[in-house]
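Position one of the sequence shown corresponds to residue 1 (UniProt numbering), numbered consecutively onward. These notes concern the structure reproduced below.
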Amino acid sequence: MDEAAETPRARVAPAGDALDYRPLPPARRRERLSPSVALPPVEGATAPRPRRGPRSLVPPLLAGTAGLLLLLLLVLSGVRVQSGASALATPAIPNMVLPYTPDEVSQARTRAEGSRDPEAWVALGNVFFDNMQTMRERAPLSPQYLGSLPQWLEAAEAYSQALELGAPPSARADLAIARFHYGVATNDRGSVEQALVEVERASREGPDDPRVLLNYGLLLAGLDPPRRADARAAWERLVAVAPQSPEAQSAKTLLESDGK
Numbered sequence: 001m002d003e004a005a006e007t008p009r010a011r012v013a014p015a016g017d018a019l020d021y022r023p024l025p026p027a028r029r030r031e032r033l034s035p036s037v038a039l040p041p042v043e044g045a046t047a048p049r050p051r052r053g054p055r056s057l058v059p060p061l062l063a064g065t066a067g068l069l070l071l072l073l074l075v076l077s078g079v080r081v082q083s084g085a086s087a088l089a090t091p092a093i094p095n096m097v098l099p100y101t102p103d104e105v106s107q108a109r110t111r112a113e114g115s116r117d118p119e120a121w122v123a124l125g126n127v128f129f130d131n132m133q134t135m136r137e138r139a140p141l142s143p144q145y146l147g148s149l150p151q152w153l154e155a156a157e158a159y160s161q162a163l164e165l166g167a168p169p170s171a172r173a174d175l176a177i178a179r180f181h182y183g184v185a186t187n188d189r190g191s192v193e194q195a196l197v198e199v200e201r202a203s204r205e206g207p208d209d210p211r212v213l214l215n216y217g218l219l220l221a222g223l224d225p226p227r228r229a230d231a232r233a234a235w236e237r238l239v240a241v242a243p244q245s246p247e248a249q250s251a252k253t254l255l256e257s258d259g260k
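Now the structure itself:
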């Protein structure tokens, strides 16, 4: 990659017209549009600290990248969570069905907490990630999503437990994305910087892992300023080492659109 060897200080991307780089869903791997949903007012909902934008991975919109904006909104989504306690404290969002029910969340937690199998902890992280990402995609300013932001940290903690038990580097890359989403939404610079540390470690531990490469590029593209050359290099490597993977298909689309 052609960036300086020293990792720059991670910053949250500004709001306004922006690109939205979002990861491929880890479990169901289905991308969705990002429609707004009519939301009822929720009294007493927790609001995050002031933040620069409603999206998590949003580098500035540069000249000639309008096409990539549309593409990213349609193609790259990351799913990985469910409604936890904080989400259940607020009314459901109309016309939105989360990937996992509260009972399924509870079952996944019970399985993980009673096991030393890293896959059980990865599965718990995926449950939290999928539900949270669904809310983030469809209703990023809703009281339900904003009140559930700590669930990103629950996802990250589950992935951390999985890593302690021997999970592969892809779990660390997902941990990084979960921390990044939380850090951007809450304007927590420390979480953004830790996300960068984690994804770079994942890239060292699994340099050819498709999900690591995809997430690495997505996170780098979301920094302020965005490390676009490094992001492209990660996606190009992904296409080279795993051309038939779902992640490679997304990387190809990103690369083609970014070059227009």
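Even glycine gets a Cβ: it sits at the ideal position worked out from N, Cα and C.
Of the residues the options, the one placed nearest residue i, counting alpha carbons only
i	options	result
residue 239	173, 212, 161, 96	212
residue 177	188, 196, 145	196
residue 167	119, 184, 244	119
residue 248	208, 224, 117	208
residue 108	143, 92, 158	158
residue 236	145, 100, 253, 223	253
residue 101	130, 255, 185	130
residue 123	188, 189, 99	99
residue 165	117, 192, 200, 187	117
residue 187	223, 138, 215	223
residue 200	189, 215, 95, 190	215
residue 138	184, 110, 95	95
Residues of its chain near residue i, where Cβ-Cβ distance is below 6 Å and the 5 sequence neighbours each way are ignored
i	result
residue 54	Because residue 54 sits at a pLDDT of 33, beneath the cut-off of 50, its placement in the model cannot be relied upon, and the point is left open.
residue 205	169
residue 194	179
residue 231	217, 220, 221
residue 255	235
Same chain, Cβ closer than 7 Å to residue i, five either side skipped, listed in chain order
i	result
residue 198	172, 175, 176, 179
residue 228	221
residue 84	For residue 84, the predicted structure reports a pLDDT of 40, less than 50, and the residue's modelled location is therefore unreliable. A value from the coordinates is still provided. 105, 128, 148, 151, 154, listed in sequence order.
residue 8	Residue placement at residue 8 is flagged as unreliable, the pLDDT there being 35, under the threshold of 50; the coordinate-derived value follows with that caveat. So the list is empty, once near-sequence residues are dropped.
residue 191	179, 182, 183
Extent of the continuous alpha helix (DSSP H) run through residue i
i	result
residue 139	Counting along the chain, residue 139 falls outside any alpha helix (DSSP H), and DSSP gives it neither H nor E.
residue 110	102-113
residue 184	169-186
residue 153	150-164
residue 146	143-147
Cβ distance (whole Å) where residue i is taken to contact residue j below 8 Å
i	j	result
residue 162	residue 121	4 Å
residue 135	residue 148	7 Å
residue 210	residue 242	4 Å
residue 133	residue 93	Contact flag wrong, Cβ pair sits at about 14 Å.
residue 97	residue 127	Not confirmed; about 15 Å, so no contact.
Contacts around residue i, its chain only, beta-carbon distance under 8 Å, and the 5 residues preceding and following it disregarded
i	result
residue 112	120, 121, 123, 124, 158, 161
field: Start-end ranges of the beta strand (DSSP E) lying completely within the stretch 189-259, minimum 3 residues
entry: none
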